[in-house]
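Visitor: There's a structure below that I have some questions on.
2 protein chains.
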Amino acid sequence: MDNFSFYSPTFFEFGKKAEEKAGKLVKRFGGSKVLIHYGGGSVVRSGLLDRVKASLEAEGIPFVELGGVKPNPRSGLVYEGIELGKKEGVDFILAVGGGSTIDSSKAIAAGMVYDGDFWDFYQGKEILQALPVGTVLTIAAAGSEGSPNSVITNENGMFKRGAGGDAIRPKFSILNPELTQTLPPFQTAAGATDIMAHLYERYLTNTTDVEVTDRLIEALLLTMKNEVPKVIKDPDNYEARANIMWAGMMAHNNSCGVGRSQDWNSHTIEHELSALYDVAHGAGLAVTMPAVFKYVMNHNIMRFAQAAVRVWGCQMDFEHPENTALAGIEAFRSFLISIGMPSNFEELGAKEEDIPELVKVLCYGDGRDGKISGFVTLDENDCTKIYQMMV
Amino acid sequence: MDNFSFYSPTFFEFGKKAEEKAGKLVKRFGGSKVLIHYGGGSVVRSGLLDRVKASLEAEGIPFVELGGVKPNPRSGLVYEGIELGKKEGVDFILAVGGGSTIDSSKAIAAGMVYDGDFWDFYQGKEILQALPVGTVLTIAAAGSEGSPNSVITNENGMFKRGAGGDAIRPKFSILNPELTQTLPPFQTAAGATDIMAHLYERYLTNTTDVEVTDRLIEALLLTMKNEVPKVIKDPDNYEARANIMWAGMMAHNNSCGVGRSQDWNSHTIEHELSALYDVAHGAGLAVTMPAVFKYVMNHNIMRFAQAAVRVWGCQMDFEHPENTALAGIEAFRSFLISIGMPSNFEELGAKEEDIPELVKVLCYGDGRDGKISGFVTLDENDCTKIYQMMV
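Written out as structure tokens, the structure is:
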């Protein structure tokens with residue numbers, strides 16, 4: 479096991495009506511004037527935004543609002559949020575929404591206490607200072623509610639990049655599974671796929687002697703395998719929603735990913751798809767992961783076989799473990815299709831003729847040197863083949 | 479799933495030589511004068527205490543020392559620590575040792591900023607304020623390095639009681655698995671048993687619809703099942719030690735215990751054994767758990783069967799699930815014996831004729847009303863039968 483540091487100081491308030499505690503939690507974590515940041519109209523229509531505002535008002539905490547966050551959140555709105563926040567003198571950013579809203583809020587929080595361009599952080603500068611961020615989560619997916627990371631799409635070129643630092647870990651996150659019950663099945667499934675990707679990215683590597691985190695990751699994958707079909711069948715299944723929501727946080731606060739190498743090539747390869755086609759990140763991952771897994775599995779066949787046996791219940795083929803590994807990837811792919819995820823470029827809305835462009839941005843965009851690094855280092859040729867496998 | 483709050487803000491530094499960061503971490507978390515609290519001579523003889531002191535000196539942080547913590551830590555030394563800490567004006571308590579040392583440090587930390595008798599906290603008063611505590615852990619066992627709890631034995635009657643509050647969660651905990659390699663097999667096994675007890679106490683209840691935490695608890699039990707025999711056979715197996723050490727933290731910081739009812743009757747029943755006979759807590763649990771489990775299993779036979787199948791690999795007997803449940807308890811008992819734990823009163827050093835006295839203190843000590851509460855409420859008669867099953 480590798481040496482590591484682990485720090486997850488976020489306070490989680492979980493359960494029915496938890497959003498009513500937003501005001502008290504902002505106060506507890508030092509906020510005196512809040513920027514409420516959110517996405518589209520659903521949080522308005524559902525009455526959630528009003529409940530959050532009422533909770534702030536009950537504590538006498540003034541606020542300003544900035545809506546309009548889109549999936550794959552854009553740099554433009556971040557600049558707008560920083561400007562508004564500075565003008566209004568806010569000292570706390572409250573995200574009401576999903577991963578995109580939370581990531582946008584983190585970017586604003588970092589940008590507000592930084593003299594330079596916030597995009598510096600998305601080009602590799604560590605975030606050491608930020609305003610405190612709180613979240614009211616509306617979808618189990620990105621895990622941003624408990625992570626030190628943020629991904630933003632730069633509108634100048636439409637490429638996605640990530641930033642990170644403990645300073646942008648949310649001070650508190652409110653997780654009410656009821657809020658996810660109104661999500662359409664496609665978004666529910668895309669969120670679930672993202673959660674499973676966070677687990678696989680930590681699992682399918684060349685790491686050894688990490689039984690404890692192997693088992694923890696498998697535990698969360700098994701949870702997703704059992705619970706996601708229930709909510710696809712019955713969107714109002716609170717208990718299944720609750721299990722998925724906690725699994726989503728645990729999948730990405732890194733308690734299950736410590737002390738081991740991680741991959742993240744599927745995420746990197748998918749980012750170009752969602753940036754170019756503006757597809758849901760989870761849907762892009764559903765198409766990307768099986769291709770990447772098949773392409774790299776021979777670099778550690780026994781680990782892929784382990785996932786197949788322990789998570790997907792495949793029989794171990796002791797003479798030909800590659801058959802077991804492949805059966806596990808196919809079982810995962812079938813699972814994704816069964817919950818309504820796309821399985822190829824066409825279903826995703828991507829185009830084969832764009833592959834050269836995708837590869838170019840992937841391998842050379844934003845200062846990369848022709849390769850992407852993860853469990854296996856992949857060059858232009860590898861990435862081209864992987865995109866072609868998705869067609 | 480029940481509503482819950484979850485908060486685990488401890489910073490964990492994990493791996494080889496991690497103790498060399500003690501000074502930097504004390505500084506990071508605001509300490510300017512430290513009380514180093516420890517147990518017997520082993521941390522002195524091993525040179526660990528010197529390395530910790532050197533790390534503090536390198537940061538220019540003055541310190542005073544108080545050794546002498548015993549297993550089942552005593553109230554007398556806590557009073558001594560509070561007095562010394564006040565006299566010396568310390569503002570940070572650094573525990574170097576195992577669960578007993580950490581629990582004693584937490585008690586001192588709470589007592590130092592409280593005008594009354596620190597024992598008030600062990601009679602039910604929540605700890606809302608305390609000096610910051612850091613830990614350098616030397617045994618994987620109690621989970622106190624990541625928990626908000628402390629258990630102290632009152633020398634005026636020799637009874638153990640617990641206290642808790644987020645204020646006594648360690649600010650940081652240093653986990654170096656190398657430090658556990660010198661532990662004798664018995665202590666290693668007793669620590670492992672304590673970790674498994676923390677998992678079972680969260681698992682074997684009447685809770686439903688908690689697939690995610692069920693799976694996480696099973697993951698940690700499977701880790702212990704696989705890794706503990708390795709370190710009993712080869713005490714220098716760093717990788718197995720590392721897996722056990724992280725499992726021990728995860729077992730008790732409650733990330734796997736949220737949203738569900740918990741039991742803790744085995745702990746409560748064992749506490750009287752370790753208080754009366756001064757036996758290792760884990761050894762007492764090894765004798766207590768199988769008896770408690772057999773006594774209460776009929777209250778939720780399918781949950782006990784689930785543990786048997788998922789953790790111990792028992793075949794499910796669909797016609798007679800009680801056979802499966804019992805097979806799981808027996809498999810656990812055999813496992814405990816295989817790692818060198820006692821299996822009955824005699825091996826533990828307890829006496830059958832003391833049972834009436836044990837039951838009296840258990841059910842009526844310190845203000846209890848003749849019963850103990852957990853998954854199943856147990857009265858004097860139940861507790862007598864359970865102790866008799868251990869003979």
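Protein chains in written order, with the working numbering: chain P, 479 to 869; chain Z, 479 to 869.
Ideal Cβ placement from N, Cα and C applies to all residues, glycine included.
These figures come from a predicted structure and were not determined experimentally.
Answer yes if the segment 803 to 815 of chain P comes into contact with the segment 725 to 738 of chain P, meaning at least three C-beta pairs across the two stretches below 8 angstroms, and no otherwise.
Guide: Touching, no.
Visitor: Any C-beta of chain Z within less than 9 angstroms: which residues of the segment 661 to 688 of chain P qualify?
Guide: Within the segment 661 to 688 of chain P, the residues whose Cβ lies closer than 9 angstroms to some Cβ of chain Z are T686, D687 and V688, listed in chain order.
Visitor: Is any beta-carbon of chain Z found at less than 8 angstroms from that of A725 of chain P?
Guide: The residue you call residue 725 of chain P lines up with position 247 of the first sequence. Chain Z contact via Cβ: present.
Visitor: Taking beta-carbon pairs under 7 angstroms, can you tell me which members of the segment 532 to 544 of chain P lie near chain Z?
Guide: Result list empty, no residue passes.
Visitor: If the cut is a Cβ gap below 8 angstroms, which residues of chain Z does F507 of chain P touch?
Guide: Counting from one through the first sequence, the residue named residue 507 of chain P turns up at place 29. What F507 of chain P touches in chain Z: nothing, since even the nearest Cβ is about 11 angstroms away.
Visitor: Compare the C-beta of E808 of chain P with all C-beta atoms of chain Z and state if any pair is closer than 8 angstroms.
Guide: Taking the first residue of the first sequence as 1, we reach residue 808 of chain P at position 330. Not one chain Z Cβ lies under 8 angstroms of E808 of chain P.
Visitor: Counting Cβ pairs closer than 8 angstroms, one from the segment 643 to 658 of chain P and one from the segment 498 to 513 of chain P, do we hit at least three?
Guide: A contact exists between the segment 643 to 658 of chain P and the segment 498 to 513 of chain P.
Visitor: Could you give the residue range of the alpha helix (DSSP H) that holds L572 of chain P?
Guide: The residue labelled residue 572 of chain P in the question sits at position 94 within the first sequence. Note, L572 of chain P: premise wrong, no alpha helix (DSSP H); beta strand (DSSP E) at F570 to G575.
Visitor: In whole angstroms, what separates the C-alpha of N634 of chain P from that of G642 of chain P?
Guide: As a position in the first sequence, residue 634 of chain P is number 156, starting the count at 1. As a position in the first sequence, residue 642 of chain P is number 164, starting the count at 1. Using only the alpha carbons, I get a separation of about 21 angstroms.
Visitor: Any idea if P626 of chain Z is buried or exposed, counting beta-carbon neighbours within 10 angstroms, 16 or more meaning buried?
Guide: In the second sequence, residue 626 of chain Z corresponds to position 148, counting from 1. Its Cβ being crowded by 16 or more others within 10 Å, P626 of chain Z is buried.
Visitor: Let me make sure I understand the geometry here. Which of Z:G852, Z:D847, Z:V837 and Z:F853 has the alpha-carbon closest to that of N859 of chain Z?
Guide: For the purposes of this step, residue 859 of chain Z is taken as the residue at position 381 of the second sequence. N859 of chain Z has its Cα closest to that of Z:V837, out of Z:G852, Z:D847, Z:V837 and Z:F853.
Visitor: Sort out for me which residues DSSP pairs A641 of chain Z with in a bridge.
Guide: Here residue 641 of chain Z corresponds to residue number 163 of the second sequence, with the count starting at 1. DSSP output for A641 of chain Z lists Z:S628 as bridge partner(s).
Visitor: What whole-angstrom Cβ distance do R719 of chain P and P655 of chain P have, given they're in contact under 8 angstroms?
Guide: As a position in the first sequence, residue 719 of chain P is number 241, starting the count at 1. As a position in the first sequence, residue 655 of chain P is number 177, starting the count at 1. Indeed, because the Cβ distance is near 4 angstroms, the residues count as touching under 8 angstroms.
Visitor: Whole angstroms are fine: how far does the CA of G594 of chain P sit from the CA of K603 of chain P?
Guide: Residue numbering aside, residue 603 of chain P sits at position 125 when the first sequence is read from its first letter. Residue numbering aside, residue 594 of chain P sits at position 116 when the first sequence is read from its first letter. Near 11 angstroms, if we compare the C-alpha coordinates of G594 of chain P and K603 of chain P.
Visitor: Classify G517 of chain P as buried or exposed, calling it buried when 16 or more other Cβ atoms lie within 10 Å of its own Cβ.
Guide: Here residue 517 of chain P corresponds to residue number 39 of the first sequence, with the count starting at 1. G517 of chain P comes out buried.
Visitor: Out of P:A667, P:G546, P:F853 and P:F782, point me to the one whose CA is closest to E743 of chain P's CA.
Guide: As a first step, residue 743 of chain P must be located in the first sequence, where it is residue number 265. The question names Glu, but residue 743 of chain P is Asn in the sequence shown. If we check each option's Cα against that of N743 of chain P, P:F853 comes out closest.
Visitor: Any C-beta of chain Z sitting closer than 8 angstroms to the C-beta of N627 of chain P?
Guide: Locating residue 627 of chain P in the first sequence gives position 149, where the first residue counts as 1. N627 of chain P does not count as touching chain Z.
Visitor: For I514 of chain P, name the three-state secondary structure that DSSP assigns.
Guide: Here the question's residue 514 of chain P lines up with position 36 in the first sequence. Strand at I514 of chain P.
Visitor: For a contact defined as C-beta to C-beta under 9 angstroms, what are the partners of E491 of chain Z on chain P?
Guide: The residue given as residue 491 of chain Z occupies position 13 in the second sequence. By Cβ distance, chain P contributes N481, F482, S483 and F484.
Visitor: Quick one, which residues of the segment 731 to 742 of chain Z are near chain P if we go by CB-CB under 8 angstroms, in chain order?
Guide: Listed in sequence order: S733, V736 and G737.
Visitor: S651 of chain Z lies in the beta strand (DSSP E); which residues open and close that run?
Guide: In the second sequence, counting from the first residue as 1, residue 651 of chain Z sits at position 173. First-last of the beta strand (DSSP E) with S651 of chain Z: F650 to L653.
Visitor: List in chain order: all unbroken alpha helix (DSSP H) runs of 4+ residues lying wholly within the segment 758 to 832 of chain Z.
Guide: As far as the segment 758 to 832 of chain Z is concerned, its whole alpha helix (DSSP H) runs of at least 4 residues are 759 to 774, 779 to 788, 799 to 816 and 823 to 826.
Visitor: Quick one: measure Cβ to Cβ for T870 of chain Z and I850 of chain Z, integer angstroms, because I've assumed they're closer than 8 angstroms.
Guide: Residue 870 of chain Z cannot be examined here, being either before or after the span of chain Z that is shown, 479 to 869.
Visitor: Report yes or no: is there a C-beta of chain P within less than 8 angstroms of the C-beta of N704 of chain Z?
Guide: Residue numbering aside, residue 704 of chain Z sits at position 226 when the second sequence is read from its first letter. Closer than 8 angstroms to some Cβ of chain P, the Cβ of N704 of chain Z qualifies, so yes.
Visitor: Going along the chain, which residues of the segment 601 to 631 of chain P sit with their C-beta nearer than 7 angstroms to a C-beta in chain Z?
Guide: The residues in question: there are none.
Visitor: Alpha carbons only, please: which of P:V512, P:R552, P:V706 and P:A828 is nearest the one belonging to V574 of chain P?
Guide: As a working note, residue 574 of chain P is residue 96 in the first sequence. Cα-wise, what sits closest to V574 of chain P is P:V512.
Visitor: DSSP state of K565 of chain Z, grouped into three classes?
Guide: The residue labelled residue 565 of chain Z in the question sits at position 87 within the second sequence. In the structure shown, K565 of chain Z sits in a helix (DSSP, three-state: H, G or I).
Visitor: Beta carbons nearer than 9 angstroms to chain Z: which residues of the segment 771 to 782 of chain P have them?
Guide: Per Cβ criterion, the list is empty.
Visitor: Buried or exposed: which applies to P662 of chain Z, given that a residue is buried once 16 or more other Cβ atoms fall within 10 Å of its Cβ?
Guide: As a working mapping, residue 662 of chain Z is identified with position 184 in the second sequence. Answer is exposed; the Cβ neighbour count stays below 16.
Visitor: Keeping to the same chain, check which residues put their C-beta closer than 7 angstroms to that of A769 of chain P; ignore five residues upstream and five downstream.
Guide: Residue numbering aside, residue 769 of chain P sits at position 291 when the first sequence is read from its first letter. So the qualifying residues of the chain are I864, M867 and M868.
Visitor: Within the segment 581 to 633 of chain Z, note down every full beta strand (DSSP E) run reaching 3 residues or more, in order along the chain.
Guide: As far as the segment 581 to 633 of chain Z is concerned, its whole beta strand (DSSP E) runs of at least 3 residues are 611 to 615 and 627 to 632.
Visitor: Got a sec: is the Cβ-Cβ distance from M794 of chain Z to anything in chain P below 8 angstroms?
Guide: To locate residue 794 of chain Z, count along the second sequence from 1; it is residue 316. By this cut-off, M794 of chain Z is not an interface position.
Visitor: L526 of chain Z CB to nearest chain P CB: under 8 angstroms?
Guide: For the purposes of this step, residue 526 of chain Z is identified with residue 48 of the second sequence, where counting begins at 1. L526 of chain Z does not count as touching chain P.
Visitor: For a contact meaning CB atoms closer than 7 angstroms, what does L700 of chain Z contact in chain P?
Guide: For this step, residue 700 of chain Z is matched to residue 222 along the second sequence. Per Cβ cutoff of 7 angstroms: R693.
Visitor: Residues of chain P with CB closer than 9 angstroms to the CB of A828 of chain Z, please, in chain order.
Guide: Along the second sequence, read from residue 1 onward, the residue named residue 828 of chain Z stands at position 350. Per Cβ cutoff of 9 angstroms: no residues; A828 of chain Z is ~33 angstroms from chain P at best.
Visitor: Between E717 of chain P and chain Z, is there a C-beta pair that is closer than 8 angstroms?
Guide: For the purposes of this step, residue 717 of chain P is identified with residue 239 of the first sequence, where counting begins at 1. Yes, because at least one Cβ of chain Z sits closer than 8 angstroms to the Cβ of E717 of chain P.
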